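Notes to accompany the following structure.
Number of protein chains: 4
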Amino acid sequence: MAVSNQSDLAETSRLEAFSDGVFAIAITLLVLELHAPVLSEGRRLWPALLHEWPQFAAYLASFAVLGIMWVNHHSMFRQIERTDRGLMFLNLFLLLWVTLLPFPTSMFAEHLKDESINAHVAAAVYSTNLTLAAIAFSLIWWYVLRNHLVEHQLTKAQLRKSVLRYSLGTLFYAAMIGISFLSAKVTLLIAFLLAMYYAFEQLRTRD
Amino acid sequence: MAVSNQSDLAETSRLEAFSDGVFAIAITLLVLELHAPVLSEGRRLWPALLHEWPQFAAYLASFAVLGIMWVNHHSMFRQIERTDRGLMFLNLFLLLWVTLLPFPTSMFAEHLKDESINAHVAAAVYSTNLTLAAIAFSLIWWYVLRNHLVEHQLTKAQLRKSVLRYSLGTLFYAAMIGISFLSAKVTLLIAFLLAMYYAFEQLRTRD
Amino acid sequence: MAVSNQSDLAETSRLEAFSDGVFAIAITLLVLELHAPVLSEGRRLWPALLHEWPQFAAYLASFAVLGIMWVNHHSMFRQIERTDRGLMFLNLFLLLWVTLLPFPTSMFAEHLKDESINAHVAAAVYSTNLTLAAIAFSLIWWYVLRNHLVEHQLTKAQLRKSVLRYSLGTLFYAAMIGISFLSAKVTLLIAFLLAMYYAFEQLRTRD
Amino acid sequence: MAVSNQSDLAETSRLEAFSDGVFAIAITLLVLELHAPVLSEGRRLWPALLHEWPQFAAYLASFAVLGIMWVNHHSMFRQIERTDRGLMFLNLFLLLWVTLLPFPTSMFAEHLKDESINAHVAAAVYSTNLTLAAIAFSLIWWYVLRNHLVEHQLTKAQLRKSVLRYSLGTLFYAAMIGISFLSAKVTLLIAFLLAMYYAFEQLRTRD
Chain H
1 MAVSNQSDLA
11 ETSRLEAFSD
21 GVFAIAITLL
31 VLELHAPVLS
41 EGRRLWPALL
51 HEWPQFAAYL
61 ASFAVLGIMW
71 VNHHSMFRQI
81 ERTDRGLMFL
91 NLFLLLWVTL
101 LPFPTSMFAE
111 HLKDESINAH
121 VAAAVYSTNL
131 TLAAIAFSLI
141 WWYVLRNHLV
151 EHQLTKAQLR
161 KSVLRYSLGT
171 LFYAAMIGIS
181 FLSAKVTLLI
191 AFLLAMYYAF
201 EQLRTRD
Chain A
1 MAVSNQSDLA
11 ETSRLEAFSD
21 GVFAIAITLL
31 VLELHAPVLS
41 EGRRLWPALL
51 HEWPQFAAYL
61 ASFAVLGIMW
71 VNHHSMFRQI
81 ERTDRGLMFL
91 NLFLLLWVTL
101 LPFPTSMFAE
111 HLKDESINAH
121 VAAAVYSTNL
131 TLAAIAFSLI
141 WWYVLRNHLV
151 EHQLTKAQLR
161 KSVLRYSLGT
171 LFYAAMIGIS
181 FLSAKVTLLI
191 AFLLAMYYAF
201 EQLRTRD
Chain L
1 MAVSNQSDLA
11 ETSRLEAFSD
21 GVFAIAITLL
31 VLELHAPVLS
41 EGRRLWPALL
51 HEWPQFAAYL
61 ASFAVLGIMW
71 VNHHSMFRQI
81 ERTDRGLMFL
91 NLFLLLWVTL
101 LPFPTSMFAE
111 HLKDESINAH
121 VAAAVYSTNL
131 TLAAIAFSLI
141 WWYVLRNHLV
151 EHQLTKAQLR
161 KSVLRYSLGT
171 LFYAAMIGIS
181 FLSAKVTLLI
191 AFLLAMYYAF
201 EQLRTRD
Chain V
1 MAVSNQSDLA
11 ETSRLEAFSD
21 GVFAIAITLL
31 VLELHAPVLS
41 EGRRLWPALL
51 HEWPQFAAYL
61 ASFAVLGIMW
71 VNHHSMFRQI
81 ERTDRGLMFL
91 NLFLLLWVTL
101 LPFPTSMFAE
111 HLKDESINAH
121 VAAAVYSTNL
131 TLAAIAFSLI
141 WWYVLRNHLV
151 EHQLTKAQLR
161 KSVLRYSLGT
171 LFYAAMIGIS
181 FLSAKVTLLI
191 AFLLAMYYAF
201 EQLRTRD
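Protein sequence lines correspond, in order, to chains H, A, L and V. When the first sequence is numbered by my numbering, its final residue is 207 and no position is left out of the sequence of numbers. When the second sequence is numbered by my numbering, its final residue is 207 and no position is left out of the sequence of numbers. When the third sequence is numbered by my numbering, its final residue is 207 and no position is left out of the sequence of numbers. When the fourth sequence is numbered by my numbering, its final residue is 207 and no position is left out of the sequence of numbers.
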C-alpha cells in the first residue's frame, strides 16, 4: 500500500504526459490571439505595432505565468509517488484554468488601454483566472498530503513550508483582483513580476 | 498468444500517447470558440460578458465531458493488455467524435438562447456527437472482450457489469437527443451533470 | 553497427513522439475549418447545416486520410530499428504535407459545389498534397531499406511487396490529380475510399 | 554528482517531451495563418492562389526553421545528461521565440510584396525573432557547459567547435536583420537557405 508499484507509476506518468500536453498547447495557442495591425493605405507598420503593445505585454505575462505553472506542476508531481481518481479530477480542475487563460489574456489586452471601467473588469477577470489556478494547486497539494500520495522523505518543516508557499501564492493572486480596480496596467505588471519571482525563488531554494 | 510481449506493450503505449495528444488538444482548442464581447462605444464589459453566459456554460460542459472521457479512456486502456489494428481503427472512430466536439459546442452556445427550433436542433446535434462517442466506447470494449485483449483477472461479474455500464452510458446520451427537443438548456445541464455523475461514480467504485 | 543500442532506440522514440504530436495536432486542427452556418433572421439551422455538407465530407475524408497515415507511420516505424539525421529530415518532409492538409481541405470544401473550373483546381491541389505525402512515405521506406535501418527478419519477398505497396499508393494518389479535372466530388469520394481500403487491407494482411 | 541518476533522467525526458510538444504545436499552427483566396464572382482560383505565393513561401521557410530547430534541440539534449531549474527557464526562453514565430511569419507574408518600408520592417521583426531564438540556443549551450550538465566524453576541440557553431548561427541571424532593410524577399530566401544549410551540414558532420 505504501510502496508504489509499476502500474501506479505508469498512471502518474500518463497523467503528467496529458498535463504536459495541455500546458504545451495552451502556451502555444496564446500566439493565435496576436493579430498583425490592419493598416489603411500609406500607414506605417512600425508605429502601428508599437501602438499594439498591450497584446505583446499580455502575451509575455501569460507565457511567463503558464511557463512557471508548468515548472511548478513538474516539481509537484516529482514529489507525488502515486495517483488516484481524486487527484486526476483535481488535476482536471487545474487544467480547466490553464486552458481558459488565452481567453482572459486576449480580453485583457483588448481593454488594457481603455479609460473606462472595462479595463478594470478585464484585469479582474484575468486575475480571477490566475487565482482559481492557484487555488487548484493548493487543493492538489492538500489532497496528496492528506492521502499520503507523496514521498516519505519530506520532513514536517518541509511540509509546513510547502503548504504555506501554496497558500501565500493564492493570497497574492487574490490580492491582484483588488489591484485590478486600481490599475489594469499595474495588475499586468504584477502578474509578470510574480511569475519572475517564483522563477528565481525556485532557482535559489530548490536546486 | 496470451502473454503480452514487449512490442505489443510498446504499441499500446503509442496508441495511448496519440490518444492523449488528441484529447489534450481537443480540450484546449475549446477556448478558441470563446470570443470576448464586441462592445460599441460606451458599452460596459461586465454585463456584456454575463449576457454571453451560454458560451461559458457550453465550454464548461464540453471541458467536463472531454475530461471524463479522457479519464475513462485511461481506465479502459489500463485493462487492455494488447492491441491490434482493429482496436486502432475503433480508437480512431472514437477520436473522430472527440476532435469534432468543439464544433457542435460552439454552435450550441450560439443558439442556446434562440426562441426558435434552432436551439433544439443545435442541442440535438451536440447530443448526437456525445452519443456517437459513447457508442465508440461501447464498441471498443466489446471488441477487446471478444478478442481477449484484456487482462485475465476480470471475473464474469466484473465483465457483465462493465458491459452494462457502457451500454447504459450510450442510452443516457441517446436520451439526451430526445430531451433536446424539449429544452436546449436542460440538455446542456444534463450533459454537465452526467459528466459529474461519472466522475463521482468512478471515484467511489474504482479506487 | 548493425545492433541498435540504447541511444539509437531513444532517438527513434523521440522521433515517433514528435511525429505523433504533429499527427494528433493536425487531425484535431481540422475542426477549426468547420464553421457553423451564419443564419439571417428567421432562417432555420438544420437545412443550412445540410447545405454545408461539403465541409463535413471534406472533414471526414481528411480525418480518415490522416488517421490511416498515422497508423501507417506507426507500422513503418515499428519495423525501423535505428534512425539517423537523413531519416529525421525525410520524416520532416512527410510532416510538412501532414501539417499542410487542413489548408487544401478547407479550400476543397469551399469550392466543392462550384460549377466552374475552381472546383477542379481545389480538388487537384488537395490530391497533390496527398500525392506528395505518399511520395514522402515511399522515400522514407526506400531510404531505410538502402541504409539498413530496418529489422533483419524481413524476407526478400516481404521487402519487394512493401516497396510495391508504397509505389502503388503513390500512383493511386497521383491518378487522383487527373480525376480532379473530371469531377471534384468523385475525387473526394476516392480519397475517402482509398483511406478505407488501406484500413481494411491492413486489418486483413498484417495481423 | 557526475553520474546521472534515475530521477535526473526522468526530469530531462519530461523537459524534452514538453519541448517536443511545443515544437510540434508551433509547426502545425503555422497552417492556421494560411488563408484560401476570397474570390469575387467569376474569378479563378488558380491565379489567385499563385498571387498569394508569399504566404506559402513564408510557411515553407518557417516550417524549415522550426524543423531544423527541433532537430537541433534534439541533438543538443542528447548530449545533456542532467537538468536543473536554470536550464528549465532558459529552455522556456527559447520556447517563447518558438511559439511566437507564427505571428511574425504571418505578418511577413502579408507585407512581403509591399513597396513601402513596411516590407522591411516585417522582415526585420521576423529576423529578430530568429535571432532571439539563436541567442537562446547559445545561452542554453553556454549554461550546460558551465554547469557541467553535458556528457564527459566531449573533447576540448569538440567543445570549442560547438560554441563557435552556436555563436556563428547567432551572427548569421543577426545579419539577417540588416539584410531586411535591403530586401524583404532576399531575407526570406536566406532564412530558408540557412535552415537547409544547417540540415545538410548536420547530415554531413554528425552521423
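Where is the CB? At the ideal position from N, CA and C, for every residue including glycine. Values in this document were obtained by computation on a predicted structure and should not be read as measured data.
### Cutoff 9 Å: residue 99 of chain A Cβ touching any chain L Cβ
yes
### Message
With distance defined between alpha-carbon atoms, name the residue in L:84, L:17, L:184 and L:193 nearest to residue 143 of chain L.
### Response
L:84
### Task
Mind listing the chain V neighbours of residue 216 of chain H? Cutoff is C-beta to C-beta under 7 Å, in chain order.
Outside the displayed range of chain H (1 to 207) lies residue 216 of chain H, so it cannot be described from this structure.
### Query
Quick check: the region 57-77 of chain A against the region 18-25 of chain A, are there 3 or more CB pairs under 8 Å?
yes
#### Entry: residue 120 of chain A burial status per 10 Å Cβ neighbour count (16 or more: buried)
buried
### Query
Nearest-angstrom Cα distance between residue 54 of chain L and residue 177 of chain A?
24 Å
### Task
Kindly indicate which three-state DSSP category residue 38 of chain V falls into: helix, strand or coil?
coil
### Query
Which ranges does the alpha helix (DSSP H) cover as unbroken runs of at least 4 residues, wholly within the region 53-139 of chain A, from first to last along the chain?
53-79, 85-100 and 102-111
### Task
Anything in chain L within Cβ reach of residue 169 of chain V, meaning under 8 Å, just list it in chain order.
Per Cβ cutoff of 8 Å: no residues; residue 169 of chain V is ~17 Å from chain L at best.
### Query
For a contact meaning CB atoms closer than 7 Å, what does residue 14 of chain H contact in chain A?
16, 20 and 74
### Local conformation of residue 3 of chain V per DSSP, three classes
Below a pLDDT of 50, predicted positions are generally treated as unreliable, and residue 3 of chain V, at 37, falls in that range; the measurement from the model is reported next regardless. Residue state, collapsed to three classes: coil.
### Task
Note down, in chain order, each residue of its chain lying with its Cβ closer than 8 Å to the Cβ of residue 86 of chain A, except the 5 sequence neighbours on either side.
143 and 147
### Proximity test, Cβ basis, 9 Å: residue 154 of chain A and chain H
no
### Pick from V:64, V:141, V:51 and V:58 that is closest to residue 94 of chain V, judged by C-alpha positions
V:141
#### Entry: Where residue 206 of chain V sits in the DSSP three-state scheme
Reliability fails at residue 206 of chain V, whose pLDDT of 45 lies under 50, so the model's placement of it is uncertain and no value is given.
### Message
With distance defined between alpha-carbon atoms, name the residue in L:100, L:67 and L:91 nearest to residue 35 of chain V.
### Response
L:100
### Query
Excluding the five sequence neighbours on either side, which residues of its own chain have a C-beta within less than 7 Å of the C-beta of residue 172 of chain L, listed in chain order?
194
### Message
Looking only at its chain, what residues have a beta carbon closer than 7 Å to the beta carbon of residue 48 of chain V, apart from the 5 residues adjacent to it on each side?
### Response
37 and 39
### Integer Cβ distance of residue 30 of chain L from residue 105 of chain L, believed to fall under 8 Å
6 Å
### Message
Do residue 80 of chain H and residue 12 of chain H count as a contact pair if the criterion is CB distance below 9 Å?
### Response
yes
### Message
Could you compute how far the alpha carbon of residue 170 of chain V sits from the alpha carbon of residue 161 of chain V?
### Response
14 Å
### Task
Below 7 Å between beta carbons is the criterion; list the residues of the region 98-120 of chain V that meet it against any residue of chain H, in chain order.
99, 100, 102, 103, 106, 107, 110, 111, 117 and 118
### Query
At a Cβ threshold of 9 Å, is residue 46 of chain L touching chain A?
yes
### Query
How about residue 78 of chain V and residue 117 of chain L: do their beta carbons lie closer than 9 Å?
no
### Query
First and last residue of the alpha helix (DSSP H) that includes residue 44 of chain A?
No alpha helix (DSSP H) contains residue 44 of chain A, which DSSP labels as neither H nor E.
### Task
Leaving out five residues on either side along the sequence, give the residues of the same chain with a beta carbon under 7 Å from the beta carbon of residue 63 of chain A.
27 and 30
### Task
Please classify residue 182 of chain A: is it buried, with 16 or more other beta-carbons within 10 angstroms of its beta-carbon, or exposed?
exposed
### Ordered list of alpha helix (DSSP H) runs contained in the region 140-199 of chain A, each at least 4 residues
156-180
### Task
May I have the straight-line CA-CA distance separating residue 187 of chain H from residue 128 of chain V, to the nearest angstrom?
28 Å
### Query
Do residue 122 of chain V and residue 69 of chain V have their C-beta atoms closer together than 9 Å?
no
#### Entry: C-alpha gap between residue 174 of chain A and residue 199 of chain L, whole angstroms
29 Å
### Task
Look at the alpha carbon of residue 89 of chain V and the alpha carbon of residue 18 of chain H, and state the distance between them as a whole number of angstroms.
21 Å
### Query
How big is the Cα-Cα spacing for residue 196 of chain V and residue 179 of chain V?
19 Å
### Any chain L beta carbon closer than 9 Å to residue 58 of chain A
no
### Task
Select from A:82, A:60 and A:124 the residue whose C-alpha is nearest the C-alpha of residue 259 of chain A.
Past the boundaries of the shown model lies residue 259 of chain A; chain A is included only from 1 to 207, so the question cannot be answered.
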